[in-house]
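Protein chains: 2
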Amino acid sequence: MSTTPAAEHFKPKKSVALSGVEVGNTALCTVGQHGNDLHYRGYDIHDLARQASFEEVAYLLIHGELPNRATLNLYQQKLQSLRFLPKAALRVLEKLPAHTHPMDVLRTYTSVIGALMPERENPPVAETRDIADKLLASYPSALLYWYHFSHHGLKINLETYQNEPTQASYFLRLLHRHAVPESWIRAMQASLILYAEHEFNASTFTARVIAGTGADIFSAITGAIGALRGPKHGGANEVAFRIQSSYSSPDAAEQDIIQRLQRKEVIIGFGHPVYTISDPRNEIIKQIARQLAEETGQQLLFQVAERIEKVMKEQKNMFANLDWFSAVAYHCMGIPTDFFTPLFVMSRITGWCAHVIEQRIDGKIIRPSAHYTGPAPRPFIPLDERR
Amino acid sequence: MSTTPAAEHFKPKKSVALSGVEVGNTALCTVGQHGNDLHYRGYDIHDLARQASFEEVAYLLIHGELPNRATLNLYQQKLQSLRFLPKAALRVLEKLPAHTHPMDVLRTYTSVIGALMPERENPPVAETRDIADKLLASYPSALLYWYHFSHHGLKINLETYQNEPTQASYFLRLLHRHAVPESWIRAMQASLILYAEHEFNASTFTARVIAGTGADIFSAITGAIGALRGPKHGGANEVAFRIQSSYSSPDAAEQDIIQRLQRKEVIIGFGHPVYTISDPRNEIIKQIARQLAEETGQQLLFQVAERIEKVMKEQKNMFANLDWFSAVAYHCMGIPTDFFTPLFVMSRITGWCAHVIEQRIDGKIIRPSAHYTGPAPRPFIPLDERR
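Taken in order, these protein sequences are the chains called A and B. Under our numbering, think of the first position of the first sequence as 21, with each following residue one higher. Under our numbering, think of the first position of the second sequence as 21, with each following residue one higher.
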């Protein structure tokens, strides 16, 4: 996350390499084209988050257009049919102990399924889209099968939950193993839509660099998950929650954050390498977080988050990004903190796969240069003559 | 691999994105600084390949300097002690069927070991170097345990081979399960040295993009393996062998290659995105391949490869890169073709890890931009109104 104040508009920021350098083409997304807006294939993120289901957005990104009702029904059935896990994948998940980082679980699952059901060389794009749908459909299965097995010794029967209509309800049902309020499902849908795509961020760029060598899509996604794991990228929503939940009152939060800023600490969840005025997704997720906090009696958490937002604006002219209030919303739905970044995976898998398909059309290997800072050419000294 | 003739020196090549763009600092390597030379931390690749062992070069890259005799002895002992595999990793490897791509085996192994023995957050660099040494030491164990189990139903006892003095002899012994000629071990050493490091190539750049988000080193290496898997990158040496082994004589090869060039086909194993005159590693690996071919009665393979090299020079003014004669050398040592790229991993792991350590010092997230080619902003049409 950048610490540059919003005043310095459109200048490349020192803490971000390649900022503003166009390294390829995309038809998927514009970020901040008119200051602080976000569009997926031309559709405004506000329209999508408020009026569409996540499955419509997934179809838009992976398959190219918004589906009509009949196509959407078929797509939902397809995703349901792809939620199963191959037996060998179940056995591998059982070998990962309870202390495993859930992002390592998804990274390993992706690599294993790529080993078990590999992509063909030079496949038709329809096959690659099938793989994208398989990964999208089965990530909740993989994460929560591992979770219940490693934490509770339970081998859950995935078939019991297979017919949940949406990815949002499937994930929440698998996690809680009982029905959840409709408002949670709607909130989860919106959150998944907001996280689905964001141009050439670090994890998407990783997927494209890997795809550029002609590698299979599983390799590209495995790498993207690794990149998203970092605290400067997808890991940010987990760090945001740890900050928010550490205060007993909004006043205590304000006092401490001001002190941290005086010590020049970076507060994760604020600012953005591309947006300069605000994050267009913040307004939507903040409203969702407020409502869920009221419904679940988590008002303190919301109030602390909102106060820190105010302090960051006043003190540093910095805005909350998507991660900040996502953390509040996820916590209200009873989601373990270290599942926050895996939820990002379950959404961004749509954008990543769409980018892999685009990179293959582009056909370029991505191979930059380095600035050399090491020793000048020097003579080789044979082993036994070295000090 | 580029198809640009050598005449167009130093022009960015269309088929390579970011060519010539400096995206970070490195003290590890210069590629073609004076036309067609290669240095690791200031040492000429010719000196290293002819006078050093692979362990000396691994130590140079990961730990910073060439070791003296005492340090080298300790380092070899350390690598021997790190060759074991955790039990859970053995069980996972047993779940990967015989048809698994060996690169998928190494990708999965890296992800699994990162799940089982994760890197701490913000670790001291010494701990990251220990992980680098662990991966370096254990890749032959992982690949060949899986190989003998899935192909021959054998659970090999890794301890039997643990005291082999070098990575080269450990790999060859584990593969063949009997002693191999000293000339093979020396050839393998040189080959591992030649493949160890090459600046900001696509897989190394992948590792750096992942490391730039603050992710753990296992995530970075898992992604790098995925990138290396592509036929435009590490997969090239496998493709090269498939070309070389398809001809019954040098004349037949010449005839067919000329026809392919007339059809504008790309011949993998020739040209390079950075070198423009020749690949400095070619001379070394060609000499090794010639000698091994004589010793093992594979002269036809070498003669075909050499004839194609001549044709490519005459017809297209293109030079053989490292992959071309590596393919001949590996085949002469009885290495299955789909282990060629995994051998690249077993060597390049040294450069990758050194780059991850450098990227962390750099401290930058890598986040480029895209050129948008998609639809203009358009109104959202509710589901039931869509065609």
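We put the CB at the ideal spot given by N, CA and C, even for glycine.
Which value, in whole angstroms, describes the spacing of the CA atoms of VAL331 of chain B and ARG283 of chain B? 15 angstroms
Please decide whether VAL229 of chain B counts as near chain A, where near means a Cβ-Cβ distance under 8 angstroms. yes
Please specify which runs of the alpha helix (DSSP H), each continuous and at least 4 residues long, are wholly inside the stretch 221-306 of chain A, giving them in chain order. 222-232, 237-248, 256-264 and 270-282
Outcome for ILE305 of chain A when other beta-carbon atoms lying within 10 angstroms are tallied against a minimum of 16: buried
Near PRO117 of chain B, which residues of its chain fall below 8 angstroms by C-beta distance, leaving aside the five closest residues on each side in sequence? SER170
Neighbour flag for ILE385 of chain B against chain A, beta carbons, 8 angstroms: yes
What separation, rounded to the nearest whole angstrom, lies between the Cα atoms of LEU194 of chain B and PRO160 of chain B? 8 angstroms
Cβ of TYR215 of chain B less than 8 angstroms from any chain A Cβ? no
Kindly give me the distance between the Cβ atoms of GLY394 of chain B and ALA47 of chain A, rounded to whole angstroms, as I take these residues to be in contact under 8 angstroms. 3 angstroms
Distance, SER298 of chain A Cα to PRO144 of chain B Cα: 36 angstroms
Under the three-state reduction of DSSP, which class applies to ASP64 of chain A: helix, strand or coil? strand
Beta-carbon gap between ALA222 of chain B and VAL376 of chain B smaller than 8 angstroms: no
Which residues in chain B have a C-beta closer than 9 angstroms to the C-beta of VAL112 of chain A? List them in chain order. ARG111, VAL112, LYS115, LEU116, THR128 and VAL132
Over what stretch of residues does the alpha helix (DSSP H) that includes HIS391 of chain B continue unbroken? Segment 389-392 is the beta strand (DSSP E) holding HIS391 of chain B; no alpha helix (DSSP H) there.
Tell me, please, which residues DSSP counts as bridged to ILE8 of chain A. Residue 8 of chain A lies beyond the range of chain A shown here (21 to 407); nothing can be said about it.
When you compare only the Cα positions, how much space is there between GLY134 of chain A and ILE213 of chain A? 26 angstroms
Short CB-CB distance (under 8 angstroms) between ASN45 of chain A and chain B: yes
So, at 7 angstroms on beta carbons, what are the nonlocal neighbours of ARG398 of chain A in its own chain, with the 5 sequence-adjacent residues on each side left out? none
Which of the residues in the stretch 387-403 of chain A, read from start to end, lie with their CB under 9 angstroms from any CB of chain B? ARG387, PRO388, SER389, ALA390, HIS391, TYR392, THR393, GLY394, PRO395, ALA396, PRO397, ARG398, PRO399, PHE400, ILE401, PRO402 and LEU403
By the three-class DSSP mapping on this structure, what secondary structure does ILE386 of chain A have? strand
So what does DSSP say about ALA374 of chain B, is it helix, strand or coil? helix
Would PRO144 of chain B pass as an interface residue toward chain A - the criterion being a Cβ-Cβ separation below 8 angstroms? no
Quick one: which chain A residues come within Cβ less than 8 angstroms of ALA285 of chain B? Looking at the sequence shown, residue 285 of chain B is not Ala but Glu. Under the 8 angstroms cutoff, chain A gives no residues; its nearest Cβ is about 14 angstroms from GLU285 of chain B.
Below 8 angstroms on the Cβ atoms is my contact criterion, and I expect PHE339 of chain B with ASN302 of chain B to pass it. Report the Cβ-Cβ distance as a whole number of Å. 7 angstroms
Let's see if you can read the secondary structure: which residues bound the beta strand (DSSP E) around ASN93 of chain A? No beta strand (DSSP E) contains ASN93 of chain A, which is instead part of the alpha helix (DSSP H) from 89-101.
Hey, would you say ILE288 of chain A sits closer than 8 angstroms to ALA256 of chain A, going by beta carbons? yes
HIS172 of chain B to LEU164 of chain B span [Cα, whole Å]: 11 angstroms
Would you call VAL36 of chain A buried or exposed, if buried means 16 or more other Cβ atoms sit within 10 Å of its Cβ? buried
Three-state class that DSSP yields for THR46 of chain B in the structure shown: strand
Tell me whether the beta-carbon of ILE65 of chain B lies closer than 8 angstroms to the beta-carbon of CYS373 of chain B. no
Run the CB neighbour count on MET208 of chain B, radius 10 Å, all protein chains shown included, and call it buried at 16 or more, exposed below. buried
Closest by CA to ILE386 of chain B, which one among A:ILE381, A:ILE263, A:PHE220 and A:GLY232? A:PHE220
Out of B:ASN142, B:LEU192, B:VAL259 and B:TYR267, which has the shortest C-alpha to C-alpha gap to SER346 of chain B? B:VAL259
Please report the residue range of the alpha helix (DSSP H) in which TYR215 of chain B lies. 202-215
Endpoints, the alpha helix (DSSP H) within which TYR181 of chain B is located: Per DSSP, TYR181 of chain B belongs to no alpha helix (DSSP H) and is neither H nor E.
So for HIS54 of chain B, helix, strand or coil by DSSP? coil
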